[in-house]
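First to last, the protein sequences are chains X and Y. According to the working numbering, the stretch in the first sequence is residues 6 to 224, in order. According to the working numbering, the stretch in the second sequence is residues 6 to 224, in order. Note that the Cβ used here is the ideal one computed from N, Cα and C, for glycine as well. This report refers to the structure that appears directly beneath it.
Number of protein chains: 2
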Amino acid sequence: MPVRHGATRDTILDAAEQLFSERGFEGISTRDIVKAAGVNLGAINYHFGTKERLGVEVYVRCLARVNRNRIARLDALEAAGGGRELSLAQVVEAFVRPAMADEKEPVSSGSNLMRLACRCFQEPNPELRKFIEEQFTEVALRFHSVILKVVPDLPAGELFWRMNFLIGALNRGQEIWLRFDRMPRPQGIDPVKPDFEGLIQRLVLFATAGLSAKCPIVG
Amino acid sequence: MPVRHGATRDTILDAAEQLFSERGFEGISTRDIVKAAGVNLGAINYHFGTKERLGVEVYVRCLARVNRNRIARLDALEAAGGGRELSLAQVVEAFVRPAMADEKEPVSSGSNLMRLACRCFQEPNPELRKFIEEQFTEVALRFHSVILKVVPDLPAGELFWRMNFLIGALNRGQEIWLRFDRMPRPQGIDPVKPDFEGLIQRLVLFATAGLSAKCPIVG
DNA sequence: GTCTATAACTAGATAGAC
DNA sequence: GTCTATCTAGTTATAGAC
């Protein structure tokens with residue numbers, strides 16, 4: 006009866022995604038995962054074999070979701086624009102927003118995504134990292150070419166680095182936003198925590214300016 | 006004979022700094038550390054008591070070095086300027102450069118610094134995080150007020166977030182730069198790896214533009 | 001497919017000789 | 001101060017009942 010094998014399987018993936026996003030792959034034991042998922046210890050080994058393979062599946066599934074969403078948003082923008090050129094801010098937002106929230110869950114579960122996605126570059130496990138980095142290729146190419154069209158003066162060689170600055174800013178901004186209430190904040194600065202949309206707006210503003218900065222040495 | 010108790014102590018700290026910067030606190034065992042340091046297992050417990058206290062010392066020592074350097078650079082800039090206003094790019098560079106390299110070791114050991122410093126916000130260990138976040142206070146206040154002077158239109162509430170975007174960009178840029186040769190790079194983009202100075206210049210350019218972006222809604 | 005029990009190993013920490 | 005030997009607990013992974 007092949008109904009949908011894998012209710013527990015998905016439960017495990019969801020729990021692991023949550024936990025890994027908070028404490029990283031190394032910081033979480035398989036026992037933590039099965040406890041959170043409410044399943045037994047053997048289930049992980051049955052469904053995934055090893056902890057490492059579970060890790061890969063979690064990361065890949067998460068990144069695939071984010072990147073699918075990014076492409077879809079870009080497609081929608083281009084379709085709506087009907088040949089007219091997009092604004093850089095629109096493109097940046099299409100890149101940023103799916104990493105911070107998905108459709109259903111604006112913050113809670115959605116916010117796992119980019120924490121995971123960015124944390125992957127700090128994951129010590131080489132197997133894990135290899136799989137994850139490959140997930141970036143399609144999206145990178147797509148956004149790369151769009152942005153080069155929208156920021157015509159930008160040398161192609163510069164964009165790679167600026168995109169990575171953007172990704173870092175996105176990751177950090179989100180991390181701080183999520184941790185804001187539990188964080189010791191320096192006295193005399195008293196920053197305000199914007200709502201979720203405010204955070205995205207601020208990031209888009211910052212990154213748009215950074216991406217379109219004029220290069221002092223032009224070839 | 007109180008010559009300088011703690012040659013091995015420093016050896017352990019150095020080895021731990023290197024390893025933590027690569028794989029995080031959770032990713033490294035005490036056995037990894039003593040092996041790299043060439044000392045015996047008991048030494049960690051003798052000098053630091055627990056792994057956690059060793060972790061705190063490593064992080065605090067590292068951040069203190071970076072932040073001391075930042076303050077010193079800012080002081081030097083202000084002294085050299087003699088009352089004249091600094092450029093934003095100068096201030097950003099004073100913030101960025103010490104995180105990427107210190108005087109003696111431009112890349113290798115210096116590059117541990119910010120990896121560590123940024124990773125700390127992803128450290129699951131609450132004790133560790135608490136100590137580390139406190140280290141930011143002095144530097145945050147100092148740069149905050151200088152930047153507000155240099156970018157007069159910027160509302161104070163915005164700067165906190167932009168500084169965090171900068172820190173994220175810095176962290177990510179450095180991480181990618183360090184990993185560049187071992188990284189799978191998307192075909193068709195073929196990014197160029199700049200030298201170390203080039204990386205700093207690019208980051209300063211990006212962040213300067215981002216920090217001085219005009220706020221659409223001005224109060 | 002699910003669970004329990006347990007094996008095989010690695011972790012952090014300690015005791016005590018030198 | 002340094003090292004070896006060892007303890008205890010927690011880890012991943014597996015074997016085998018249901």
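Comparing C-alpha distances from Y/Gly203 to each of X/Gly162, X/Phe211 and X/Ala214 shows the shortest one belongs to X/Gly162. A Cβ-Cβ separation of about 5 Å places X/Ser217 in contact with X/Val156 under the 8 Å criterion. Note on Y/Val39: 16 or more other CB atoms within 10 angstroms of its CB, so buried under the neighbour-count rule. Looking only at Y/Met188, Y/Leu208 and Y/Lys56, the smallest Cα-Cα distance to Y/Met168 is reached by Y/Leu208. Chain order gives no chain X residues near Y/Arg73, where near means a beta carbon separation below 7 Å; the closest approach is about 17 Å. Of the other Cβ atoms in all chains shown, 16 or more fall within 10 Å of the Cβ of Y/Val96; this residue is therefore buried. Secondary structure of Y/Ala104 (DSSP, three-state): helix.
Interface flag for X/Val197 against chain Y is set, since a Cβ pair is found closer than 9 Å. Only residues of its own chain outside the window of five on either side were considered, and among them Met168 have a CB closer than 8 Å to the CB of X/Ala145, listed in chain order.
For the set Y/Leu175, Y/Phe148, Y/Glu22 and Y/Arg184, the Cα lying nearest the Cα of Y/Lys56 is the one of Y/Glu22. Our two residues, Y/Phe185 and Y/Lys198, have alpha carbons roughly 7 Å apart in a direct line. The beta carbon of X/Phe100 lies closer than 7 Å to those of Arg75 and Phe148 in the same chain, with the five residues before and after it left out. Residues of chain X with a Cβ closer than 8 Å to the Cβ of Y/Glu139 are, in chain order, Pro189. Straight across, the Cα-Cα distance linking X/Thr16 with X/Ile137 is about 21 Å.
With 16 or more other Cβ atoms inside 10 Å of its own Cβ, X/Glu98 counts as buried. For Y/Gly86, the enclosing alpha helix (DSSP H) stretches over residues Lys56 to Gly86.
Under the three-pair Cβ rule at 8 Å, the segment 57 to 72 of chain Y does not count as touching the segment 60 to 67 of chain X.
Chain-ordered, the chain Y residues with CB closer than 7 Å to the CB of X/Arg167 read Phe211.
Our two residues, Y/Val71 and X/Thr13, have alpha carbons roughly 47 Å apart in a direct line. Shown here, Y/Leu146 sits in a helix according to DSSP, grouped into three states.
With its beta carbon less than 9 Å from one in chain X, Y/Phe170 belongs to the interface. Using a Cβ-Cβ cut-off of 7 Å, X/Gly215 is close to Phe211, Ala212, Ala214 and Gly215 of chain Y, given in chain order.
Within chain Y, the residues placing a beta-carbon under 7 Å from that of X/Thr142 are Pro191, ordered along the chain. At least one C-beta of chain Y is nearer than 9 Å to the C-beta of X/Glu163.
Assignment of Y/Ala218 by DSSP, reduced to helix, strand and coil, places it in the coil class.
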